[in-house]
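**Q**
Residue numbers (the UniProt record's numbering): 1 to 697.
#1: From residue 580 to residue 497, what distance separates their C-alpha atoms?
#2: Check whether the stretch 409-424 touches the stretch 373-384, taking contact to mean three or more Cβ pairs, one atom from each stretch, closer than 8 Å.
#3: Quick one: what does DSSP say residue 292 is sitting in, helix, strand or coil?
#4: Helix, strand or coil: which one does DSSP assign to residue 431?
#5: Grouping DSSP H, G and I as helix and E and B as strand, with all else coil, what is residue 99?
#6: Decide if residue 544 is buried, meaning its Cβ has at least 16 other Cβ atoms within 10 Å, or exposed.
#7: Would you report the Cα separation of residue 552 and residue 324, rounded to the nearest angstrom?
#8: Using 8 Å as the threshold, is the stretch 449-459 in touch with the stretch 229-237, meaning 3 or more CB pairs across them?
#9: Could you give the residue range of the alpha helix (DSSP H) that holds residue 340?
#10: Per DSSP, residue 501 is paired with what?
#11: Quick test of your reading: residue 595 and residue 469, contact by CB under 8 Å. State the CB separation rounded to the nearest angstrom.
#12: From the DSSP output, in three-state form, read off residue 727 for me.
#13: Taking the alpha carbon of residue 375 as the point to measure from, which residue in 391, 386, 341 and 401 has its own alpha carbon closest?
#14: Work out the CA separation of residue 288 and residue 303 for me, nearest whole Å.
#15: From this set, 573, 606, 575 and 530, which residue's C-alpha is nearest residue 564's C-alpha?
#16: Identify every run of the beta strand (DSSP E) within the stretch 563-631, keeping only runs that are complete inside it and at least 3 residues long; order them along the chain.
#17: Have a look at residue 438 and residue 251 and give me their C-alpha separation to the nearest angstrom.
#18: Going by beta-carbon coordinates alone, are residue 573 and residue 373 separated by less than 9 Å?
#19: Tell me which residue opens and which closes the alpha helix (DSSP H) that residue 416 is part of.
#20: Per DSSP, which residues does residue 489 bridge with? Please list them.
#21: Out of curiosity, what's the CA-to-CA distance linking residue 258 and residue 603?
#22: Can you tell me the Cβ-Cβ gap for residue 485 and residue 237, rounded? I've got them flagged as a contact below 8 Å.
#23: Considering only residues of the same chain and omitting the five flanking positions on each side of residue 430, which have a CB-CB separation below 7 Å?
#24: Taking a contact to mean a Cβ-Cβ separation below 9 Å, would you say residue 295 touches residue 265 in this structure?
#25: Let me know if residue 98 comes out buried or exposed under the rule of 16 or more other beta-carbons within 10 Å of its beta-carbon.
#26: Just reading off the alpha helix (DSSP H) that residue 554 is part of, what are its end residues?
#27: Helix, strand or coil, according to DSSP, for residue 527 in the structure here?
#28: Tell me, please, whether the stretch 305-325 touches the stretch 335-353 by the rule of three or more beta-carbon pairs shorter than 8 Å.
#29: Confirm, please, whether the CB-CB distance from residue 527 to residue 284 is below 9 Å.
#30: When the Cα atoms are used, what is the spatial distance from residue 480 to residue 554?
#31: Between 659, 255, 478 and 337, which lies nearest to residue 548 when the distance is taken from Cα to Cα?
#32: Taking its Cβ as the centre, do 16 or more other Cβ atoms sit within 10 Å of residue 61, making it buried, or is it exposed?
#33: Assess contact between the stretch 494-508 and the stretch 300-317, defined as three or more Cβ pairs (one per stretch) separated by less than 8 Å. Is contact present?
#34: Once DSSP output is grouped into helix, strand and coil, what is the label at residue 348?
#35: Based on Cα-Cα distance, which residue from 389, 591 and 445 lies nearest to residue 350?
#36: Please report the straight-line C-alpha distance between residue 624 and residue 518, rounded to a whole angstrom.
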């Protein structure tokens, strides 16, 4: 069949209404995201040796113009959203790339040292990635649409044997490897052609090519450092058996990881919802200052992120995400990442995410990699995994029996529990533990691959989960220990195996620590190196947390925790109303789950800590790092289905009770704390203490 061959003339693509600052990205087809190299030699007759008809059209006729073309610049640090294609399957996969110069591109191979015992000709190869993409022109259809006739890409190289490679691709990125054996070439010419079948109709008139930064591999023995950041969504600290001996679930892999490194038994997150917590993790900045406290406000491009720091050090930066709302479109966390893949339409099993991450590591050759893996399995709705069903049900009464109650008003029972017909709260908690067990079982095999066995690793969680404490059932309301006490495990240079750190720590310091462990540039990046705690324990400092949507805030100091509501809030799972200024005060040594409010018994200490919390809230630094929220109604519905509220937040002072409660002057909370300090005023205002439901009675 005859084919029309025309040489690509790439064009600078504008994404939506935002300017593209030097980069273009492609969007992967879901079925082929990230793993299949898809590179093969062209068939005889389809592409000839240098001097053939096609080679002449692609190279000789254009050589005068091409020889003066500058070499390809390294991938610039650009804004990710501005450089990615706005098309269908947006939440699946996107990578940053750079466009080819007009007609083609010469690449300088340059010199590189070969590993010991290997010659240059045997050690070196050139790797790069290519993808086709199409601009959005009113019709939201992409090249992966089976009804459309998308182009193939033909990659021609001269200076390395001259035989062209054929890359059969539509929208997916493909890795191309050019072996440099037996050649002293210092330059390679790369040109792209498209083949269109005239017998098949197509609406595509101007496809584009995105071209990834080339890299030289130095041989398999020169294994670079791999840095893994693994975040388990909604994972309580007391559900890691190495951290808490009373954990209701065994976590053999996480325990072994802790044995190879250090486990921090008292680590707090800065906030209790997903996107803001990960933003803090990636920037080292507290949500108080970033002013992002919901799951739909994007981080500004002015932020300095962990991925950008590793990117600047020559790392390939990848993010494999199990929840759709962490994708750059909603989080702004794409900056610095060469590749980001998120779940579509809402979430996915951690096994899929780990398989995807493993394929990326395999395809990365010897390039250094910073890889963020986000796992969503532990987040509700909890599932009963097939291999756990018999064990979960054995030795207990049926969780479906009608004579027990979940302890929640029927109207407040989550839909996923209503639909399952489960009525035993202890069984629901066992399902949560089962999700932790499932995650642990998937992590073990993934961490036995060649690139992960010796990797620098940080394992942590964005926040925890309420399992009945303070009548918070299977959600993460408030900023008490159930929602902010998270696991943290580190493995790598400078981390003595089997270390157990009991000193208070914060997840905000993980980014700085990873940079230091990898020997990367960390000047100006916020935080502390947590490894310093191995040799000395600094004086304790207060730890602060801010709740989603700015509903409440907490301060922990020397084993005491105070939570104050900044707005009137209703606990969705219990219907409990918390008035503006209401306070809970807990002594963690006696009450680690914050079930007994001892405010009246220790009022003077509570007053001091409340004043410290107020001063901290007032000291917020306006950094201008909160971007716009541009959620669609469909995206808002997805978040709502996952249990998240949406909507923008006011950027006024975090603590401004006079604006949020017209009756603040008369509030017993104001009169007690800011008036004459009379705790007896609060006796009728205190929210009753609610013990967690331990069984179905």
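No residue lacks a Cβ here, since even glycine has one placed at the ideal position from N, Cα and C.
**A** Quick answer:
#1: 46 Å
#2: yes
#3: coil
#4: helix
#5: The predicted model places residue 99 with a pLDDT of 45, which falls under 50 and marks its position as unreliable, so this point remains unresolved.
#6: buried
#7: 26 Å
#8: yes
#9: From DSSP, residue 340 is part of no alpha helix (DSSP H) but of the beta strand (DSSP E) over 339-341.
#10: 264
#11: 6 Å
#12: Residue 727 is absent from the structure shown; the chain starts at 1 and stops at 697.
#13: 341
#14: 15 Å
#15: 606
#16: 583-587
#17: 9 Å
#18: no
#19: 415-420
#20: 263 and 459
#21: 39 Å
#22: 4 Å
#23: 392
#24: no
#25: Low local confidence applies: a pLDDT of 44 at residue 98 is under 50, so the model's placement there is unreliable, with the coordinate-based value given in what follows. When all chains shown are included, residue 98 counts as buried.
#26: Element bounds for residue 554: not the alpha helix (DSSP H) but the beta strand (DSSP E), 552-557.
#27: coil
#28: yes
#29: yes
#30: 7 Å
#31: 478
#32: Any reading at residue 61 is ruled out, since the residue's pLDDT is 34, under 50, leaving its predicted position unreliable.
#33: no
#34: coil
#35: 445
#36: 30 Å
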